[in-house]
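Take a look at the structure set out below.
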Amino acid sequence: FGTTSIIAAQDDKVISAATVSMHAPEESSFHRSVAPPSVGTPDDATPTDNVMMPFDIRVVNGVDLGAKAIGPPTYEMWLRADVPADAPLSTHQALLAHSTDLTIIGTALRPFEGMSQADSTVSLHTAVTSHSLWFHQPFVLNDWLLIAQEAPIVAGGRAFGRGDVFNAGGEIVASFAQESMIRSITTK
Numbered sequence: 154f155g156t157t158s159i160i161a162a163q164d165d166k167v168i169s170a171a172t173v174s175m176h177a178p179e180e181s182s183f184h185r186s187v188a189p190p191s192v193g194t195p196d197d198a199t200p201t202d203n204v205m206m207p208f209d210i211r212v213v214n215g216v217d218l219g220a221k222a223i224g225p226p227t228y229e230m231w232l233r234a235d236v237p238a239d240a241p242l243s244t245h246q247a248l249l250a251h252s253t254d255l256t257i258i259g260t261a262l263r264p265f266e267g268m269s270q271a272d273s274t275v276s277l278h279t280a281v282t283s284h285s286l287w288f289h290q291p292f293v294l295n296d297w298l299l300i301a302q303e304a305p306i307v308a309g310g311r312a313f314g315r316g317d318v319f320n321a322g323g324e325i326v327a328s329f330a331q332e333s334m335i336r337s338i339t340t341k
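Its first residue numbered 154, the sequence shown is counted upward by one per residue in my numbering.
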């Protein structure tokens, strides 16, 4: 085990802080994973484009986080990417890390009538204030992964969300949690 802190600064101002906990893979007689949600296969999901994630993305039940339709604070999507065959595991992990950060705010807004992720910067101030990610097992992003997430609470100008990433075999390969700011833009 090892832990380190990383501070990113720009113009002598801290713009990001990270605590990184590392662990070398080891064999263990203890292993289990909860079952993934019953959402069908990638072929059952709706293909979608996301300019922030240049991957093959299939959204379960055709949920559009930019739509203002009311729904539960949950979101599931299948994704895969065309990663070079010789890419190290860290490349797959970095691409997945990027993918876990982009849809929690939209998921948190689903239960609110007339609001969506499209309202960010229009009628809402939104920002990610913290994001944590844990890699549990090796994976290859060239294979389908299911991201299943929920945002159980929005209160006090903040939203909290969490999720798991499952491989095609139904095992959790990563988990994540995020706190975000969500505030109405007020005009004077």
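Virtual Cβ for every residue (Gly too), placed ideally from N, Cα, C.
Close Cβ partners of residue i (< 6 Å) along its chain, the five nearest in sequence each way excluded
i           : result
residue 156 : 174
Same chain, Cβ closer than 7 Å to residue i, five either side skipped, listed in chain order
i           : result
residue 172 : 156, 158
residue 205 : 255
residue 245 : 236, 292, 293, 294
Rounded straight-line distance, which links the Cα of residue j to that of residue i
i           : j           : result
residue 200 : residue 316 : 21 Å
residue 197 : residue 215 : 10 Å
residue 251 : residue 210 : 14 Å
residue 283 : residue 161 : 14 Å
residue 299 : residue 247 : 16 Å
For residue i, the nearest candidate out of the options (CA to CA)
i           : options            : result
residue 190 : 218, 335, 321, 338 : 321
residue 195 : 240, 319, 337, 331 : 319
residue 296 : 170, 254, 237, 176 : 237
residue 287 : 186, 266, 330      : 330
residue 183 : 222, 289, 165      : 289
residue 234 : 222, 203, 221, 262 : 203
residue 178 : 242, 261, 274      : 242
Where residue i falls, given that 16 or more other Cβ within 10 Å makes a residue buried
i           : result
residue 208 : buried
Cutoff 8 Å; reference residue i; Cβ partners in own chain excluding five residues on either side
i           : result
residue 259 : 218, 219, 228, 269, 270
Should the region 302-309 be regarded as contacting the region 225-232, the criterion being three or more beta carbon pairs within less than 8 Å? yes
Counting beta carbon pairs with one atom in the region 272-284 and one in the region 318-327, are three or more of them shorter than 8 Å? no
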